[in-house]
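Chemist: My numbering puts the first residue of the first sequence at -15, with every later residue one more than the last.
Take this structure, written in structure tokens, and hold onto it; I'll ask about it next.
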Amino acid sequence: MPELPEVETVKETLKTRLIGQKIKSVIAPYPNIIKMNLETFKQKVINQSFTDIRRYGKYLFFVLNDYTLVSHLRMEGKYFLRQDLSQTTKHEHVIFELSNGEYLSYHDVRKFGTMELVEKGKEFTLLSVKKLGIEANQKDIDINSIFKKFNKANRPIKSLLLDQSILTGLGNIYVDETLFRAKIHPQELASNLNVAEITDIIENAKIVLDKAIKLGGTTIRTYQSSFGVDGRFQNELKVHTMVNKPCPVCGTKIEKIKVGGRGTYLCPNCQKRKEL
DNA sequence: ATCTATGCCTGGTGGC
DNA sequence: TGCCACCAGGCATAGA
């Protein structure tokens, strides 16, 4: 699923081909992706050009002349550039005809992805974007402010790391990898963790995310960056998807459990719960 | 105020 | 082979 490194990769890939292109028309076989009236949406974006593409957390911002198209890929959204409409396939739900004759096409089997349109510069007035915390790979994160939030939470640490309102950018894959590196059990209550442990988690999150960005993201299940390119971080995964494989540190079999309803991988020897 | 459960969706898988 | 129940899960929302 696209998390911060995957969305970053998509952004960089699309930038090389999309900047300067003007939207000539919009075709929406499944318009529910767009969270506003389709005709209004078309009126606003047609004749607008892509001036920049940015990212915050897992959100993509397509900056146009007067508006910003805010796109979230959720579980498996993807963008393709098609040379011709005949190349589009079953699950391409929103298609932008570009001035160079190509088509920017949004593909999403599960239809969970969203597109919202705001006036340029007002991206952070969107409720979904406004509530996001700081990016998990940011330099010099204020550990104390994070610690305060974690310290009063009576929930598993994994659930807090997935909560985008505190730190944003981590999803199921990178949370598992981060907690493995920090040697913290995903079900450990956040309130049981001390400042040193929180610091360790945050440092490892940055290491994992930065390395995944360098490798173009992680391809498991369905993720590909735009134009059908696989990521390479899947070769670096230590625990996620590795059930019953030996832990790369101690050789113990990796376990799969459920935490907050999500499939969770861990080494039961390296990531022991604390005795209190 | 916090936390948990549900709905949104489809394709893949395993059981029979 | 086909049918069915179940699973994958980010986020919004409803409910406890």
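Yeah, the Cβ is synthetic: ideal placement off N, Cα and C, and Gly gets one too.
Does DSSP put aspartate 36 in a helix, in a strand, or in coil?
Modeler: If DSSP states are grouped into helix, strand and coil, aspartate 36 belongs with the strands.
Chemist: With a threshold of 16 other CB atoms inside 10 Å of the CB of glycine 105, please say whether the residue is buried or exposed.
Modeler: exposed
Chemist: Between leucine 116 and glycine 61, is the Cβ-Cβ spacing less than 7 Å?
Modeler: No, the pair does not count as a contact, with Cβ atoms beyond the cut-off.
Chemist: Determine the contact status of leucine 193 and arginine 216, defining contact as a CB-CB distance below 7 Å.
Modeler: no
Chemist: Report yes or no: do three or more beta-carbon pairs, one from the stretch 36 to 56 and one from the stretch 106 to 126, lie closer than 8 Å?
Modeler: yes
Chemist: Using DSSP bridges, identify the partner residues of arginine 246.
Modeler: DSSP, once it has assigned bridges, lists Val243 as partnering arginine 246.
Chemist: When we look at the beta-carbon of serine 55 and count the other beta-carbons within 10 Å, is it buried (16 or more) or exposed?
Modeler: buried
Chemist: Per DSSP, which residues does serine 83 bridge with? Please list them.
Modeler: Bridge partners of serine 83: none, in fact.
Chemist: Suppose you measure from the CA of alanine 137 to the CA of alanine 174; what does that come to, to the nearest Å?
Modeler: One C-alpha to the other measures close to 6 Å.
Chemist: For the pair the stretch 222 to 239 and the stretch 152 to 161, tell me if three or more CB-CB distances fall below 8 Å.
Modeler: Yes, the stretch 222 to 239 touches the stretch 152 to 161.
Chemist: Could you give the DSSP three-state label for phenylalanine 64: helix, strand or coil?
Modeler: strand
Chemist: Could you name the residues of the same chain whose beta carbon sits closer than 6 Å to that of glutamate 76, not counting the 5 residues immediately before and after it, in chain order?
Modeler: Cβ-Cβ distances below 6 Å link glutamate 76 to Ser89, His91 in the same chain, with the five nearest sequence neighbours on each side left out; the list follows chain order.
Chemist: Relative to the C-alpha of lysine 142, which residue among Lys8, Thr0, Lys19, Tyr249 is closest?
Modeler: For the residues Lys8, Thr0, Lys19, Tyr249, the minimum Cα distance to lysine 142 belongs to Tyr249.
Chemist: Measuring CA to CA, which of Thr73, Lys256, Gln27, Thr35 is closest to leucine 177?
Modeler: Closest by alpha carbon: Lys256.
Chemist: Would you kindly check if the distance between the Cβ of leucine 101 and the Cβ of leucine 65 is under 7 Å?
Modeler: Not closer than 7 Å, so no.
Chemist: Based on Cα-Cα distance, which residue from His169, Thr152, Ser70, Gln122 lies nearest to glutamate 259?
Modeler: His169
Chemist: Determine the contact status of leucine -2 and isoleucine 37, defining contact as a CB-CB distance below 7 Å.
Modeler: yes
Chemist: With leucine 145 as the anchor, note down where its alpha helix (DSSP H) starts and where it stops.
Modeler: 141 to 146
Chemist: What is the rounded straight-line gap between the Cα of glutamate 86 and the Cα of aspartate 68?
Modeler: 7 Å
Chemist: Going by C-alpha distance, which of Lys242, Gly244, Cys234 is nearest cysteine 251?
Modeler: Cys234
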